[in-house]
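Trainee: Numbering-wise (my numbering), the sequence shown opens with residue 15 and increments by one. Heads up, the beta-carbon is just placed ideally off N, CA and C, and yes, glycines get one too. Next up is a structure, given as structure tokens.
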Amino acid sequence: MSSDRFEGKVAAITGGCNGIGAAVVERLVQEGAKVAIWDMDITDRDDRLAALPEDSVEYCQVDVSDLASVEAANAQTVARFGTVDILVNSAGIAGPTSTLVDYPPEEWRKVQAVNVDGTFHCCRTVVPAMTEKNWGRIVNVASVAGPEGNPMASAYSTSKAAVIGMTKSLGKELAKSNIAVNAVTPAAARTRILDQITQEFIDFMLSKIPRERFVEVEEIASMICWMCSEENSFTTASVFDLSGGRATY
């Protein structure tokens, strides 16, 4: 796949070294964007990233739960590419599989710090420049667990519901500008986040999907890239479903 849909645009993708984020990085670069990958471990990379031209990709080691770390990554990206036009918040953790009453408080705080605070930190950091130039696209990767809630995953479900609420608030705040802020709520995909949960819970999630399969990261990337493009010139503060028929909202 090759086109110039994102020619002249610069994107920052959190969690971009693997999983959904890496698929988004690959697609954006193939369609002309310069991409900064903001990730906790920039040495552990999906094989799909190896073929991308070095002059189109910047790797920034960042802990999204720490605002100063995010601001440093943004400064590194601006120094290399000049700006950030597109932000995709894909970094996230699942946390342990546990009932709410047995959920370790320190693990609860960690899930919220990465999934919720991380999304807040990144949006807070890039929005001023987007506002100044009156153009921007933000996509927050939530989950069908956000609106529906998964048993034994209260921290993760809560964090993704919060991301949806944040998306709707920020999208409305910026609606008078040419900045679109949306979220996507995929069902489970076969990414490394599945390594953090039990096989029993993986089987449960699959059983809830009417398509009877997991979503492919390339399918998620396709939708996200449309949401990041000029073609998405009207819709903002919205949630795009990718649940394979599971969603009931």
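Grab the span of the beta strand (DSSP E) containing residue 51 for me, first residue to last.
Mentor: Translated into positions along the sequence shown, residue 51 becomes position 37. Taken as a continuous stretch (DSSP letters only), the beta strand (DSSP E) holding residue 51 covers 48-53.
Trainee: Using the Cα positions of residue 101 and residue 220, report the straight-line distance between them to the nearest angstrom.
Mentor: As a first step, residue 101 is located in the sequence shown; it is residue number 87 there, counting from the start. As a first step, residue 220 is located in the sequence shown; it is residue number 206 there, counting from the start. If you take the alpha carbons of residue 101 and residue 220, they lie about 29 Å apart.
Trainee: So for residue 235, helix, strand or coil by DSSP?
Mentor: Looking up residue 235 in the sequence shown gives position 221. Looking at residue 235 - three-state DSSP - the assignment turns out to be helix.
Trainee: I'd like to know whether the C-beta atoms of residue 49 and residue 70 end up nearer to each other than 8 Å.
Mentor: Counting from 1 along the sequence shown, the entry for residue 49 is found at position 35. Counting from 1 along the sequence shown, the entry for residue 70 is found at position 56. Yes, the pair counts as a contact, with Cβ atoms nearer than the cut-off.
Trainee: Would you say the stretch 55-73 touches the stretch 240-257, given that touching needs at least three Cβ pairs under 8 Å?
Mentor: The stretch 55-73 is not in contact with the stretch 240-257.
Trainee: Starting from the C-beta of residue 185, find all residues in its chain whose C-beta is less than 6 Å away, skip the five residues before and the five after it, and write them out in chain order.
Mentor: Within the sequence shown, numbered from 1, the residue matching residue 185 stands at position 171. For residue 185, where only same-chain residues beyond five positions count, the Cβ hits under 6 Å are 195, 250 and 251.
Trainee: Quick one, which of 248, 109 and 75 has its alpha-carbon nearest residue 189's?
Mentor: Stepping through the sequence shown from its first residue, residue 189 is reached at position 175. Looking at the Cα atoms, 248 is the closest of the given residues.
Trainee: Confirm, please, whether the CB-CB distance from residue 46 to residue 18 is below 8 Å.
Mentor: The count along the sequence shown starts at 1 and reaches residue 18 at position 4. The count along the sequence shown starts at 1 and reaches residue 46 at position 32. Cβ distance < 8 Å, so residue 18 and residue 46 count as in contact.
Trainee: Is residue 38 closer than 8 Å to residue 97 when the C-beta atoms are compared?
Mentor: In the sequence shown, the residue the question calls residue 97 occupies position 83. In the sequence shown, the residue the question calls residue 38 occupies position 24. No.
Trainee: How many angstroms separate the CA atom of residue 116 from the CA atom of residue 109?
Mentor: Locating residue 116 in the sequence shown gives position 102, where the first residue counts as 1. Locating residue 109 in the sequence shown gives position 95, where the first residue counts as 1. So the two alpha carbons sit approximately 13 Å from each other.
Trainee: Residue 111 and residue 215 look like a contact to me (Cβ under 8 Å); what is the Cβ gap, rounded to whole Å?
Mentor: As a working note, residue 111 is residue 97 in the sequence shown. As a working note, residue 215 is residue 201 in the sequence shown. Correct: roughly 5 Å between the Cβ atoms.
Trainee: Taking only the alpha-carbon atoms, compute the straight-line gap between residue 113 and residue 121 and give it to the nearest angstrom.
Mentor: Position 99 of the sequence shown, counted from the start, is the residue given in the question as residue 113. Position 107 of the sequence shown, counted from the start, is the residue given in the question as residue 121. Cα to Cα, residue 113 sits roughly 13 Å from residue 121.
Trainee: Run the CB neighbour count on residue 200, radius 10 Å, all protein chains shown included, and call it buried at 16 or more, exposed below.
Mentor: Within the sequence shown, the letter at position 186 stands for residue 200. Classification for residue 200: buried.
Trainee: Could you give the residue range of the alpha helix (DSSP H) that holds residue 119?
Mentor: For the purposes of this step, residue 119 is taken as the residue at position 105 of the sequence shown. First-last of the alpha helix (DSSP H) with residue 119: 119-126.
Trainee: Since residue 151 is in the beta strand (DSSP E), which residue starts that stretch and which ends it?
Mentor: Position 137 of the sequence shown, counted from the first residue, corresponds to residue 151. Looking at the DSSP string, the run of the beta strand (DSSP E) that includes residue 151 is 150-155.
Trainee: Would you identify the three-state DSSP class for residue 74, choosing helix, strand or coil?
Mentor: Working through the sequence shown from its first residue, we reach residue 74 at position 60. Note: residue 74 maps to strand in three-state DSSP.
Trainee: Report buried or exposed for residue 174, applying the criterion of at least 16 other Cβ atoms within 10 angstroms of its Cβ.
Mentor: As a working note, residue 174 is residue 160 in the sequence shown. Counting Cβ neighbours within 10 Å, residue 174 comes out buried, since at least 16 surround it.
Trainee: Using the C-alpha atoms, what's the distance from residue 192 back to residue 56?
Mentor: Working through the sequence shown from its first residue, we reach residue 56 at position 42. Working through the sequence shown from its first residue, we reach residue 192 at position 178. Their Cα atoms are separated by approximately 32 Å.
Trainee: Would you grab the beta carbon distance between residue 159 and residue 197 for me? Rounded to a whole angstrom, and I think it's under 8 Å.
Mentor: What you label residue 159 is simply residue 145 of the sequence shown in a count that begins at 1. What you label residue 197 is simply residue 183 of the sequence shown in a count that begins at 1. Between residue 197 and residue 159 the Cβ distance is about 13 Å, and since that is not below 8 Å, they are no contact.
Trainee: Does the Cβ of residue 151 have 16 or more other Cβ atoms within 10 Å, making it buried, or fewer, making it exposed?
Mentor: Position 137 of the sequence shown, counted from the start, is the residue given in the question as residue 151. It is buried - the Cβ of residue 151 has at least 16 other Cβ atoms within 10 Å.
Trainee: Going by DSSP, which residues form a beta bridge with residue 112?
Mentor: Indexing the sequence shown from 1 puts residue 112 at position 98. Bridge partners of residue 112: 167.
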